[in-house]
């Protein structure tokens, strides 16, 4: 397709207002849409929207729908039973693409993007007030309807100003592909994940008892808890007894954040049970898991939110956020099945393909590129397996990830719980083995 706006017969800038209790599909309150070239304006309230079978603007591949965080708009299409747009340009995604890794003083929301380009927008206080009004739900007076429609239109008018400011730096062909992903994200959010509601209810009731039992069972081998309280001094003593070096804060105290525990558990498997226990006790809030009245877990996927461009949904609201054992609550309805599908070492394969590195490609084709790297580097013998050389494989896996995320020796050292010299040695092995990369 063409890479400029001339390809499209019509360009519609669209915004919805809706309310959505945790886990529920949105109740769509209003829609405002404006066609860019003609200036034609559409303003519709809930009762007018519910009687329509499709959107008041074309959805074919020669029409472009422009939004800011388009999965919300597409989610409203789905909630209304409308077809979804064929071509979507999401200015949130494009702003993330253009600014990721750079300072955005006012954030990555619509106001932040407007500020970045020196454009005026609605005052943040007014925006918060209108959001609260939309999320309130219930019945709305005629004045409240007018105010919400005006607020919705103010966002559309902001898109009219923002689009030409951003467009010179937007690769429209690739942007439309990213827009397709936002449509997919909206479908995922709309469908939700089926949850075993009875088991979840029992877990919520018995959670304090389960916590006590988890501590008794796991801590029996460590002795670092007092009741349900983790004791840093006891943990420091256990580390000393087991000769495990541990990252410290500038104050000299042990670093006890979850990222440190996760990294150290990779390097020292004996740390993993305590890390999982701390994660379950400290971060798992079963009451926050967003499950709707239809038994489906739904939350904002926060597509493209992470610095790596990945989704970043709430750990407490999404079934895949808390400890992995909680995924046992996923339960398809009778007569249906759920498939758990994931790429295997996707980043390594992409890096091998883009660089054309023959050794890297050969490592990827073995099915276990991390162990293959260790063998290629002479750190493991031919015929080594994941079981026979688990520790070596983990070190070389962390080295690969560190290189792909542009870590230096110091960061890798902390990640693997080894000296900086050992980290430098691993990075040198990577450079020597994968020279083309």
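Residue numbers (the working numbering): 23 to 459.
Think of the CB as a built atom: it goes at the ideal place given N, C-alpha and C, for glycine as much as any other residue.
Keep in mind that this is a model prediction, so the values were computed, not measured.
Asked	Found
Skipping 5 residues on each side, what residues in its chain have a beta carbon closer than 6 Å to that of residue 301?	345
Evaluate contact between the segment 388-395 and the segment 406-420, counting only Cβ atoms and requiring at least three cross-stretch pairs below 8 Å.	yes
Could you please give me the residues that DSSP links to residue 252 through a beta bridge?	247
What whole-angstrom Cβ distance do residue 210 and residue 341 have, given they're in contact under 8 Å?	With 8 Å as the limit, residue 210 and residue 341 do not qualify as a contact, their Cβ atoms being about 12 Å apart.
Suppose you measure from the CA of residue 82 to the CA of residue 69; what does that come to, to the nearest Å?	25 Å
For residue 181 and residue 35, what's the separation of their Cα atoms in angstroms?	7 Å
Using the Cα positions of residue 23 and residue 201, report the straight-line distance between them to the nearest angstrom.	Unreliable placement is indicated for residue 23, whose pLDDT of 43 sits below 50; no coordinate value is reported for it.
Hey, could you find the ends of the beta strand (DSSP E) residue 49 is sitting in?	49-57
List the endpoints of the continuous alpha helix (DSSP H) containing residue 117.	113-121
Closer than 6 Å by C-beta to residue 174: which residues in its own chain qualify, once you throw out the five before and the five after it? Chain order, please.	37, 39, 52, 54
Who does residue 41 pair with in a DSSP beta bridge?	49
What's the C-alpha gap between residue 462 and residue 449?	No answer is possible for residue 462: the residues shown for the chain start at 23 and end at 459.
Along the chain, where does the alpha helix (DSSP H) containing residue 229 start, and where does it finish?	219-241
Between residue 71 and residue 88, which are expected to be in contact by the criterion C-beta below 8 Å, what is the C-beta distance as a whole number of angstroms?	No, residue 71 and residue 88 are not in contact; Cβ-Cβ is about 19 Å, not under 8 Å.
Mind reading off the beta-carbon distance from residue 96 to residue 208? Whole number of angstroms is fine, and I expect it under 8 Å.	4 Å
What is the DSSP secondary structure of residue 319, reduced to helix, strand or coil?	strand
Going by C-alpha distance, which of 85, 80, 115, 337 is nearest residue 94?	115
My understanding is that residue 424 touches residue 437, with C-beta atoms under 8 Å, so please give their C-beta distance in whole angstroms.	6 Å
Spatial neighbours of residue 327 within its chain, please: C-beta separation below 6 Å, excluding the five flanking residues on both sides.	334
Who are the Cβ neighbours of residue 404 in its own chain at under 8 Å, not counting the five residues just before and after it?	397
From the DSSP output, in three-state form, read off residue 457 for me.	coil
Can you give me the start and stop residues for the alpha helix (DSSP H) that residue 168 sits inside?	164-188
Suppose the cutoff is 7 Å on Cβ atoms and the five residues either side in sequence are ignored; what does the same chain contact list for residue 204 look like?	92, 93, 96, 110, 112, 115, 325
Counting pairs of beta carbons, one from the segment 360-369 and one from the segment 239-246, are three or more of them closer than 8 Å?	no
Return the Cβ separation of residue 133 and residue 50 in integer angstroms, given the expectation that the two are a contact with Cβ distance under 8 Å.	Actually they do not touch by this definition, with Cβ atoms about 23 Å apart.
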